[in-house]
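Colleague:
Numbering (the numbering used here), first residue to last: 97 to 255.
1. Determine whether the beta carbon atoms of residue 202 and residue 186 lie at a separation below 8 Å.
2. Which class does residue 243 belong to by DSSP, given the choice of helix, strand or coil?
3. Quick one: residues in its chain with C-beta nearer than 6 Å to the C-beta of residue 180, no 5 flanking neighbours on either side, listed in chain order?
4. To the nearest angstrom, report how far apart residue 100 and residue 168 are at their CA atoms.
5. Based on the DSSP secondary-structure assignment, which residues constitute the bridge partners of residue 226?
6. Let me know the secondary structure DSSP gives residue 176 once reduced to three states.
7. Go ahead and pull the three-state DSSP assignment for residue 102.
8. Would residue 166 pass as a contact of residue 138 if the rule is Cβ separation under 8 Å?
9. Run through the DSSP bridge pairs and tell me what residue 188 is partnered with.
10. In whole angstroms, what is the alpha-carbon distance linking residue 230 and residue 207?
11. Beta-carbon within less than 8 Å of residue 131's beta-carbon, same chain only, minus the 5 sequence neighbours each way: which residues are those?
12. Any idea if residue 160 is buried or exposed, counting beta-carbon neighbours within 10 angstroms, 16 or more meaning buried?
13. Using CA atoms only, rank isn't needed, just tell me which of 241, 123, 239, 194 is closest to residue 145.
14. Tell me the residue span of the alpha helix (DSSP H) that contains residue 250.
15. Can you find the residues in the same chain that come closer than 6 Å, C-beta to C-beta, to residue 162, ignoring five residues on each side of it along the sequence?
Below, the structure written as structure tokens:
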């Protein structure tokens, strides 16, 4: 499968931070229409391909937003990945260069703090990108961050 993964200069800066920064919390902001959501999708896909067998999540507060702004756009950009989508779980299983180690991108949402606690208490993700993070309280961000860990990977590699 051939995927064309192009990044704008600012999006490439985000990838560089994800790859090289010792920080475990990264913020990425800018003007409306500036490519932030596209950066999240593209960097997430690059990180899943370069880290076979890992999971990542793109998070929005409500499902309609994650569907409209990420799931639909993801398949506009990468139609070849549609057969790997599990709609019941809102996830894409990504074939990688290692045959028995597919990666996964989950499109997550939680409308309340209680739902956030219930959904994300156990799962592990190497990366979690919270789009429109200003819609979450600081405590909700901390709850989400507890799921940002991956076995055998140092904390500073998880973003």
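Positions of the beta carbon are idealized from the N, C-alpha and C atoms, including for glycine.
Modeller: Here's the rundown:
1. yes
2. coil
3. 188, 189
4. 17 Å
5. 155
6. helix
7. coil
8. no
9. 181, 201
10. 13 Å
11. 104, 106, 107
12. exposed
13. 194
14. Careful: residue 250 lies outside any alpha helix (DSSP H) and carries neither H nor E.
15. 156, 203, 205
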